[in-house]
Every structure is written in C-alpha cells, then in structure tokens.
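When we follow my numbering, the leftmost residue of the sequence shown carries the number 1, and every step to the right adds one.
Please read the structure below before turning to the comments.
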Amino acid sequence: MTPAFASRISQQIIVPLLLLVAVSCTAGATSTTSSGQKPPTQRPYVINNIKYYPVASSAGYVDTGIASWYGDAFHGRLTSNGERYDMYGPTAAHKILPMNTMLHVRNLDNGREVVVRINDRGPFIRGRILDVSYAGAQKLGMLRRGTARVQVTALAPTANGKYLPHPNFQEGEFFVQIGSFRNKDNARRLQKKFADAGHTAIIRRATLNAETYFRVQVYIGTQLRTAKRAERSLLQKGYDGAFIIAR
C-alpha cells in the first residue's frame with residue numbers, strides 16, 4: 001500500500017485532482033513534525049498517473065462515500081508511515097488525511113460504527129474514499145460484501161484522552177482552483193475568461209520549490225456542497241485540475 005512518492009512539479013500547470021482544504025487549526029492531526037518540517041507522508045505523490053496532495057490538517061473533515069477493506073495480502077507489510085500493517089488493528093488508509101488522524105466511520109447501510117487511525121495511503125480505486133483494516137471491516141459488518149457506504153468524520157483529541165468531532169466545516173469561503181501557471185500572462189488570460197462570464201476570479205501568487213506560480217481561483221460561495229457542485233461542473237467542462245480550496 002506504500003506509494004512511490006514523486007516530487008516533480010509540472011512545468012506549466014499543477015493539476016491536483018482531490019479536495020484540498022487549506023485551513024489552519026490547532027486541534028486534530030496536523031502535517032508538521034516537532035521541527036516544523038513536513039514528513040514524507042505529507043508530500044504530494046503520484047499513483048497511476050494521478051497526483052495526490054495530502055491536506056495540512058484533518059480539522060473539520062467530513063465525507064461520505066464508499067469504503068473497502070484490505071487484509072491477508074498486506075498483513076505484515078510496511079504501511080506508508082513505516083508501521084507494519086496489522087489487519088487485526090483498528091487502522092485505515094486514506095489518500096490525503098494526515099497520518100494518525102482518528103476517524104469515526106459509520107456504515108450507512110446498517111448503522112454500525114468504528115473508530116480507526118490513519119496509518120496508510122489508499123485506496124487507489126476510483127470512487128472509494130477509505131480502506132479499513134480487517135478488524136475495522138468486521139466491526140462495520142462489511143466483510144462479506146467487501147464495500148459499504150460510509151460517513152467518515154475526523155475526531156479531535158480532548159484533555160481527557162477522548163475524541164470528539166471537529167467543528168462544522170460545511171460553511172466557509174470556498175474557491176475552485178482552475179489553473180496554476182509559471183507565466184503570469186497565462187493566468188491573467190484565464191482569469192479574464194471567467195471574469196467576462198460574470199464570475200469573481202482571482203490570482204494568488206505562490207512559491208513552491210523556489211519556483212513562482214500564479215494560481216487562478218474562482219470564488220464559489222459559503223457552502224461546501226455548492227463548491228463541490230462547481231468543482232464537478234468545471235471538471236466536466238475540461239478543467240481537469242479543478243479542485244476546491246477553503247479559507
């Protein structure tokens with residue numbers, strides 16, 4: 001399950017295909033070490049020609065989708081964070097959440113629940129959002145079928161060692177990034193195209209690996225569900241790198 005991490009950035013346009021939630025929060029699993037540096041599991045990586053961008057924090061993360069499970073074939077192998085996979089432990093794989101994120105998982109088909117800890121990357125099958133261990137699948141009642149519709153909620157640690165859901169993150173300021181260019185004129189042309197169509201489009205300057213990029217982002221509104229619809233629409237219209245940013 002451990003992906004081969006790739007650090008090369010596209011020379012003209014960055015095209016992440018996942019929801020990128022760029023928020024700062026002091027609670028929940030975060031992406032920095034004690035020295036303030038990003039661990040390897042937080043670096044962008046490529047699987048099957050798709051680039052994944054781990055998020056900086058699990059705070060407020062809630063998602064609904066299809067979960068699967070993995071067992072014997074991976075038991076004892078190294079996970080993405082360097083642990084040995086234990087199919088009998090309460091762990092799971094997720095494509096972008098920080099390692100050690102605690103997730104509450106609820107099977108929407110039968111109401112069964114489990115809490116798991118993220119220690120691996122995956123699943124890399126389209127349409128699936130989580131890979132739970134054999135033990136997790138057993139508690140969720142999904143062993144025989146192999147998959148289940150689930151709702152996952154990131155949990156925040158409390159002073160007494162327990163975990164509670166993070167604050168609601170369904171509302172905020174949402175944008176969809178539609179392109180990232182090294183040439184500012186290219187970014188301006190794309191911005192003008194959306195502005196002429198009546199949309200609020202901005203350009204944000206960012207530096208990555210000593211390179212300057214100009215990121216074109218379209219303001220969507222204050223509801224995450226609206227931003228997701230806009231993201232899907234833009235992807236369908238050919239903006240292959242469209243993804244959500246929350247501020």
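All residues carry an ideal CB built from backbone N, CA and C; glycine is no exception.
- Query: What are the complete beta strand (DSSP E) segments, minimum 3 residues, inside the segment 74 to 130?
  - Reply: Under the rule that a run must span 3 or more residues, the beta strand (DSSP E) segments found entirely inside the segment 74 to 130 read 91 to 93, 102 to 107 and 113 to 120.
- Note down the Cα distance separating Arg144 from Asp185, rounded to an integer number of angstroms. 55 angstroms
- Can you list, in chain order, the residues of its chain whose CB lies under 7 angstroms from that of Gly71, leaving out five sequence neighbours each side? Met87 and Tyr134
- Query: When DSSP labels each residue in this structure, what does Ala242 get in the three-state scheme?
  - Reply: coil
- Message: Within a Cβ cutoff of 6 angstroms, which residues of the same chain sit near Thr64, ignoring the five residues on either side of it in sequence?
- Response: The answer, listed in chain order, is Gln151.
- Classification of Glu173 by the beta-carbon crowding that lies within 10 angstroms, buried from 16 upward: exposed
- Which residue or residues does DSSP assign as beta-bridge partners of Leu190? The partner list for Leu190 (beta bridge, DSSP) is empty, contrary to what the question assumes.
- Query: Is Pro40 helix, strand or coil when you go by DSSP?
  - Reply: helix
- Item | Buried or exposed (CB count within 10 angstroms, at least 16 for buried), Asn119 | buried
- Below 7 angstroms between beta carbons: does that hold for Phe194 and Ala187? no
- Query: Tell me, which residues are paired with Pro54 by DSSP?
  - Reply: Under DSSP, no beta-bridge partner is assigned to Pro54.
- Item | Span of the beta strand (DSSP E), counted from its first residue to its last, around Tyr213 | Unbroken beta strand (DSSP E) run through Tyr213: Glu211 to Gln223.
- Message: Using C-beta distances below 7 angstroms, list every residue in its chain close to Thr147, excluding the 5 sequence neighbours before and after it, in chain order.
- Response: A distance below 7 angstroms between beta-carbons, with the five flanking residues on each side excluded, links Thr147 to the following residues of its chain, in chain order: Ile66, Ala67 and Ser68.
- Reducing DSSP to helix, strand and coil, say where Gly65 ends up. Residue state, collapsed to three classes: strand.
- Arg149 versus Glu211: straight-line alpha-carbon distance, rounded: 41 angstroms
- Message: Pop quiz: Arg112 and Ala93 are said to be a contact at Cβ under 8 angstroms. What is the actual Cβ separation, rounded to whole angstroms?
- Response: With 8 angstroms as the limit, Arg112 and Ala93 do not qualify as a contact, their Cβ atoms being about 20 angstroms apart.
- Message: Rounded to whole angstroms, what is the Cα-Cα separation between Thr79 and Val46?
- Response: 16 angstroms
- Does the beta carbon of Ala59 come closer than 7 angstroms to any beta carbon on chain C? In summary, chain C is missing from the structure at hand, where a single protein chain is found.
- As assigned by DSSP and simplified to three states, the class of Gly141: Reduced to three states, the DSSP call for Gly141 is coil.
- For Arg247, the first and last residue of its enclosing beta strand (DSSP E): Where Arg247 is concerned, there is no enclosing beta strand (DSSP E), given that its DSSP letter is neither H nor E.
- List the whole-angstrom C-beta distance separating Leu155 from Val115, where the pair is believed to meet the contact cut-off of C-beta under 8 angstroms. 7 angstroms
- Query: Considering Arg205, what are the terminal residues of the beta strand (DSSP E) in which it resides?
  - Reply: In the DSSP assignment, Arg205 falls within the unbroken beta strand (DSSP E) covering Ala201 to Leu208.
- Item | Backbone secondary structure at Val23 - three-state DSSP | Interpretation of Val23 is limited by its pLDDT of 31, a score under 50 that renders its predicted location unreliable; the figure taken from the coordinates is listed afterwards. In the structure shown, Val23 sits in coil (DSSP, three-state: anything other than H, G, I, E or B).
- Would you mind giving the Cβ-Cβ distance between Gly141 and Asn100, rounded to the nearest angstrom? I have them listed as a contact below 8 angstroms. The pair is not a contact, with the Cβ atoms about 26 angstroms apart (cut-off 8 angstroms).
- Find the nearest neighbour of Ile96 within the set Gln236, Leu130 and His104, judged by alpha-carbon distance. Leu130
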